[in-house]
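The structure under discussion appears below in the form of structure tokens.
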Amino acid sequence: MNRLDPRQKMRRVVYIHDLIPLDYPEYQRPETFRQFTDYLTELADAPVFIIANSEDTEKRVKSYAKLHNWSLMGTEIAIPRLRLHSASSAPLSESLSLFLHDPSPYFVILGTIEPRKNHMLLLQIWRELSQLQAAPRLCIVGKRGWENENVFDMLERCLPLKGCVFEFSGLTDFEVQTLLQDAKALLFPSFAEGLGIPVLEAAALNVPCILSDIPVFREIAPPGTVFLSPLDGIGWKREILALADDIGERRYVS
């Protein structure tokens, strides 16, 4: 900013998606906290107007600004909204076609495989569900991120998950939309989110959601969403089985 605004007179309007690197550094790479702090310090060395993507983000930004004596001109909340537009059709990959050809129910978690997304909760649940005679499937959509070796080990080496947990990355918009629209639900057990674009995508497609009970999801979730603690494995399993099969839970506990 010093190069662009050496006299610190430029009116700065900045869109901030989240403060996760500061609020939850344990879910980031070690160097991210300092990089993000330096960025915000340089950003706010002159009066700045902040646009936040949610009430939760705005609250966090105001608290940070007060703590660090920012010259804050004001804030505004601009929550993104999605309207349903069918993605341009294209041939599906062979692996995805095979997955969709199977009529058994499935659930989707969509996003980078990183610690705060809490994939481990679902993998542990599916390890138990794999004992069912007809277990629902879990579809993990997203590239592999960082500092998540335990999850990767589960995906690669946990034999009970083979055949009921599937991992896809590099899908086209059409493939993601096709996969999501036939899912029993979008699962989103995150510990922290700045917004949650997959929730907006699921809402646009009228796909049910089971979400972590965190403030930002309360802002954007569609009607009928089930909210659960990201630590409540029993509750997540119960809701998954209830959607997968009306008698799924009874069959599991009998």
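For the record, in the sequence shown the residue sitting at position 152 is 152 according to the numbering used here, with numbers rising by one throughout. Cβ atoms here follow ideal geometry from the backbone N, Cα and C, with glycine treated the same way.
Item                                                                                                                                                             : Value
May I ask you to report which of helix, strand or coil DSSP gives L187?                                                                                          : strand
Determine the extent of the beta strand (DSSP E) in which S212 is found, giving its start and end residues.                                                      : C209 to S212
For G145, name the three-state secondary structure that DSSP assigns.                                                                                            : coil
Mind checking which residues open and close the alpha helix (DSSP H) that includes L123?                                                                         : H119 to L129
Can you check the stretch 8-96 for any alpha helix (DSSP H) of at least 4 residues that lies completely inside it and give the ranges in chain order?            : 20-23, 32-43 and 55-67
How close, in whole Å, do the beta carbons of L186 and V176 come, if the pair is a contact with beta carbons under 8 Å?                                          : That belief does not hold up - the Cβ atoms of L186 and V176 are roughly 11 Å apart, past 8 Å.
For I109, which residues does DSSP report across the bridge?                                                                                                     : I140
So, for T225: in the same chain, excluding its five sequence neighbours on each side, which residues have a beta-carbon less than 7 Å away from its beta-carbon? : C209 and L211
List the whole-angstrom C-beta distance separating H17 from T57, where the pair is believed to meet the contact cut-off of C-beta under 8 Å.                     : 7 Å
How would you call T178, buried or exposed, if buried means at least 16 neighbouring beta carbons within 10 angstroms?                                           : buried
Report the rounded CA-to-CA distance for Y24 versus S86, giving the unit in angstroms.                                                                           : 36 Å
Could you check where the alpha helix (DSSP H) with E175 kicks off and where it finishes?                                                                        : D173 to Q181
Tell me whether the beta-carbon of A273 lies closer than 9 Å to the beta-carbon of L72.                                                                          : Look at the range of the chain in this structure, 1 to 254, and you will see that residue 273 is not part of it.
Under a three-way DSSP split, which group does L231 fall into?                                                                                                   : coil
Along the alpha helix (DSSP H) that carries E219, what are the first and last residues, could you check?                                                         : P215 to I220
Leaving out the 5 sequence neighbours to the left and right, which residues in its chain are closer than 8 Å to V61 when beta-carbon positions are compared?     : I16, L19, I50, A52 and T75
Is P215 closer than 9 Å to E55 when the C-beta atoms are compared?                                                                                               : yes
Look at the alpha carbon of E219 and the alpha carbon of K162, and state the distance between them as a whole number of angstroms.                               : 36 Å
So, is E239 buried or exposed, given that buried needs 16 or more other C-beta atoms within 10 angstroms?                                                        : buried
Just reading off the beta strand (DSSP E) that E167 is part of, what are its end residues?                                                                       : V165 to F168
Specify, as a first and last residue, the run of the alpha helix (DSSP H) that E201 falls within.                                                                : I197 to A204
Whole angstroms is fine: what's the gap from N150's alpha carbon to V48's?                                                                                       : 41 Å
Measure the Cβ-Cβ separation of S89 and F174 and say whether it is below 9 Å.                                                                                    : yes
If you drop the 5 nearest sequence neighbours on each side, which residues of the same chain put their C-beta closer than 8 Å to that of V14?                    : L43, V48, F49, I50 and I51
Measure the Cβ-Cβ separation of L231 and L121 and say whether it is below 9 Å.                                                                                   : yes
Hey, how far is the Cα of R251 from the Cα of Q35?                                                                                                               : With a pLDDT of 34 at R251, under the threshold of 50, the predicted position of this residue should be treated as unreliable, and no value is reported.
Which residues does DSSP pair with V226 in a beta bridge?                                                                                                        : I210
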